[in-house]
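Peer 1: Before I ask anything, let me first share the structure, which is written out below as structure tokens.
Here it is as structure tokens:
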């Protein structure tokens, strides 16, 4: 199972592919960020996010996509701006026929650190430890890898997708196919 | 000049193409809505919005796209959801190499009714009168047509695009290429 985690943002979008190997071993395949110039027009930035993620999906052939759910933003304006990038990321997945799963921020932190209120730095360190990465990992790429690991931990291959969704809703982790 | 107005929404996305003919006459070329089942997954809905708008752009060959700027939403969650659809709409324009202009809601209402606080119904009636449409026009299509007319009224073909932007920022109408 190869899962692409995405952490969308209108200035920096992180992505990371994690494979579940034999014996449940987590393997870091690749990760990175799409960082865009603040001076660029929004529609041009969205195009680069779309092209970047589509190219990652084409090259790395994930089985599904995992993203963090968002219910919080500084204000309505920043929520809409984040929504722009997030919509384009979800579209890149859907255009490639990939199902998208979303997980609450707490569930993602819990999956990688065992603690739902972990700090960003703890998540980063645990990502490096879990995936045996020795180089520095950019924060947005680390968040994307964390989303991928969270999906791998929550996914039960024996169940039908609908049952997965029911199971995930029953846990208070917030994981379910996106319907908002 | 052919302008495609878009009124993006995660359930209903309106679109409408207006051409400026000889003597500044406004001509209604085509308009409609992309209405999606509430039960559908978000990423699937975004895919249909993207495909729908891309097909409209391919068929009707607009010169530019006009959308309403958004700074208001019921709450952060609905702002993010709206942002998803809006991001996908802006991407459809950018993918086709079209520049996107955005206008404040007041400027759009002013452009079609002469009154920045006009009600939705007044906008609908004025759209029908200005474009000589005898059939009923769905509210989201009417809003899209209003955005297109607003851009036609604000656009000065003699000026370079950058100068247009400066001019528009100077007016308090909120019109400018999107950079948020």
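Protein chains in written order, with my numbering: chain D, 172 to 351; chain L, 172 to 351. In this text, a Cβ means the ideal position worked out from N, Cα and C, and glycines have one as well.
Listed from N- to C-terminal order along the chain, which residues in the region 237–258 of chain L have their beta-carbon within a distance smaller than 7 Å of any beta-carbon of chain D?
Peer 2: Taking 7 Å as the Cβ-Cβ cut-off against chain D, the residues of the region 237–258 of chain L that qualify are 241, 242, 243, 244, 247, 248, 250, 251, 252, 253, 254, 255, 256, 257 and 258.
Peer 1: Is it true that the region 256–272 of chain L meets the region 256–264 of chain D, where meeting means three or more beta-carbon pairs spaced less than 8 Å apart?
Peer 2: As far as the Cβ criterion goes, the region 256–272 of chain L touches the region 256–264 of chain D, which means the pair count is three or higher.
Peer 1: Would you say residue 231 (chain L) and residue 200 (chain L) are within 8 Å of each other, going by their C-beta atoms?
Peer 2: As a working mapping, residue 231 (chain L) is identified with position 60 in the second chain. As a working mapping, residue 200 (chain L) is identified with position 29 in the second chain. Their beta carbons are under 8 Å apart, which means residue 231 (chain L) touches residue 200 (chain L) by this criterion.
Peer 1: Given that residue 223 (chain L) touches chain D, what residues does it touch there, using C-beta distances under 9 Å?
Peer 2: As a first step, residue 223 (chain L) is located in the second chain; it is residue number 52 there, counting from the start. Under the 9 Å cutoff, chain D gives no residues; its nearest Cβ is about 12 Å from residue 223 (chain L).
Peer 1: Just the Cα atoms here: how many angstroms apart are residue 192 (chain D) and residue 302 (chain D)?
Peer 2: Working through the first chain from its first residue, we reach residue 192 (chain D) at position 21. Working through the first chain from its first residue, we reach residue 302 (chain D) at position 131. Their Cα atoms are separated by approximately 12 Å.
Peer 1: Roughly how many angstroms lie between the CA atoms of residue 194 (chain L) and residue 227 (chain L), to the nearest whole one?
Peer 2: Against the second chain, residue 194 (chain L) aligns to sequence position 23. Against the second chain, residue 227 (chain L) aligns to sequence position 56. Between residue 194 (chain L) and residue 227 (chain L), the C-alpha separation is close to 26 Å.
Peer 1: DSSP three-state call for residue 199 (chain L): helix, strand or coil?
Peer 2: As a first step, residue 199 (chain L) is located in the second chain; it is residue number 28 there, counting from the start. Looking at residue 199 (chain L) - three-state DSSP - the assignment turns out to be strand.
Peer 1: Please tell me whether residue 350 (chain L) has its Cβ less than 8 Å away from any Cβ of chain D.
Peer 2: For the purposes of this step, residue 350 (chain L) is identified with residue 179 of the second chain, where counting begins at 1. Because residue 350 (chain L) sits at a pLDDT of 49, beneath the cut-off of 50, its placement in the model cannot be relied upon, and the following sentence gives the value as read from the coordinates. It does: the Cβ of residue 350 (chain L) has a partner Cβ on chain D nearer than 8 Å.
Peer 1: Report the residues of the region 256–287 of chain L with a CB closer than 7 Å to any CB of chain D, ordered along the chain.
Peer 2: Against chain D - using a Cβ distance shorter than 7 Å - the residues of the region 256–287 of chain L are 256, 257, 258, 259, 261, 262, 264, 265, 266 and 271.
Peer 1: According to DSSP, which residues form a beta bridge with residue 303 (chain D)?
Peer 2: As a position in the first chain, residue 303 (chain D) is number 132, starting the count at 1. DSSP output for residue 303 (chain D) lists no bridge partner at all.
Peer 1: So what does DSSP say about residue 311 (chain D), is it helix, strand or coil?
Peer 2: Start at 1 with the first residue of the first chain, and residue 311 (chain D) comes out as number 140. Three-state DSSP puts residue 311 (chain D) in a helix.
Peer 1: For residue 294 (chain L) and residue 309 (chain L), which I take to be in contact (beta-carbon distance under 8 Å), what is that distance rounded to the nearest angstrom?
Peer 2: As a working note, residue 294 (chain L) is residue 123 in the second chain. As a working note, residue 309 (chain L) is residue 138 in the second chain. Their Cβ separation, rounded to whole angstroms, is 12 Å, which puts residue 294 (chain L) and residue 309 (chain L) out of contact at 8 Å.
Peer 1: Closer than 7 Å between beta carbons: that is the criterion. Which residues of the region 175–188 of chain D meet it against chain L?
Peer 2: Residues: none.
Peer 1: Contact check, residue 189 (chain D) vs residue 316 (chain D) under 8 Å by CB: the rounded distance?
Peer 2: Working through the first chain from its first residue, we reach residue 189 (chain D) at position 18. Working through the first chain from its first residue, we reach residue 316 (chain D) at position 145. Indeed, because the Cβ distance is near 6 Å, the residues count as touching under 8 Å.
Peer 1: In chain order, what residues of the same chain have a beta carbon less than 6 Å from the beta carbon of residue 289 (chain D), not counting five sequence neighbours either side?
Peer 2: Counted from its first residue, the first chain places residue 289 (chain D) at position 118. Correct list, in chain order: 280.
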